[in-house]
Amino acid sequence: MIPPMETPKSRELPVVVVEQIVPSKVCFACDVCCRFPEQDSALRPYFTKEEIRAAVARGLSPDAFPDHAGSKVAVVPHGEGYRCPAFDPQTGHCGIYEDRPLDCRLYPVAVMWDHAHSAVVMGWDSKCPFIRDNLDSPESRAYVERIAALLESKESVKVLACNSQLIGLFQDDVIVLRRLDRLTDTLRSSTSFER
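Everything in the sequence shown is counted per this note's numbering, starting at 2 for the first residue and increasing by one.
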């Protein structure tokens, strides 16, 4: 079953509701998510304008967003690296979890351009310990199909096409699972498509 779409009153674009494949107890024991090795990491989550508004309403500083029309979050120093300002390292919880951005909702699925920048693909982030241990399980394969259908839905394609920075650059450590042809075609047909 594909997760439903919903449109909260405070948002202009629909929020893509994504079921989580990684159990909470695994997430809370992990030290990968929400932390980054460098300040300008490509893995920092992208927030749409609506997601920025929701994050600020939940207490995140407006200074966490270089561009209020939509941008990757500005991370803060943490140990030898950086962390998302919404992440509380003491509790391991996200301060904006209920309003976390689509980029975070999708994880450990990554949406990115292929190596040639000719097609949008989806894949597993191999840094996620749960995925490494469950890569070929029937549940993981079924989840991939559900998320692919969700990402190729009319509503999701609209959100992603309007916020093309949600589509990352190719990453060698992401295990490519499939192309997202409808999204690729939509981006190619738009006047803003750049190679």
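Cβ coordinates follow ideal geometry from the N, Cα and C atoms, glycine included.
Item	Value
Alpha helix (DSSP H) containing D186: first to last residue?	D182 to S190
P267 lies in the beta strand (DSSP E); which residues open and close that run?	Outside the shown range of the chain, which is 2 to 196, sits residue 267, and nothing can be said about it.
Identify the residues that DSSP records as bridge partners of C49: which are they?	Correcting the residue type first, residue 49 is Thr in the shown sequence and not Cys. Per DSSP, G71.
Based on the DSSP output, what are the partners of I148 in its beta bridges?	Answer is none; I148 lacks a bridge partner.
Taking C-alpha atoms, which residue in A149, P102, F171 and E140 lies nearest to R183?	A149
Is it a yes or a no for the stretch 164-179 touching the stretch 121-129, going by three-plus beta-carbon pairs under 8 Å?	yes
If we ignore side chains and look at the alpha-carbon of each, how far apart do M113 and E146 end up?	17 Å
Mapping the DSSP letters down to three states, classify Y83 as helix, strand or coil.	strand
Is the stretch 80-90 close to the stretch 133-147, with three or more CB pairs under 8 Å?	no
Write down the C-beta distance between V77 and F37 rounded to the nearest angstrom, noting that I regard them as a contact closer than 8 Å.	The Cβ separation is near 10 Å, so there is no contact.
Find out if the Cβ-Cβ distance for the pair P86, F48 is shorter than 8 Å.	no
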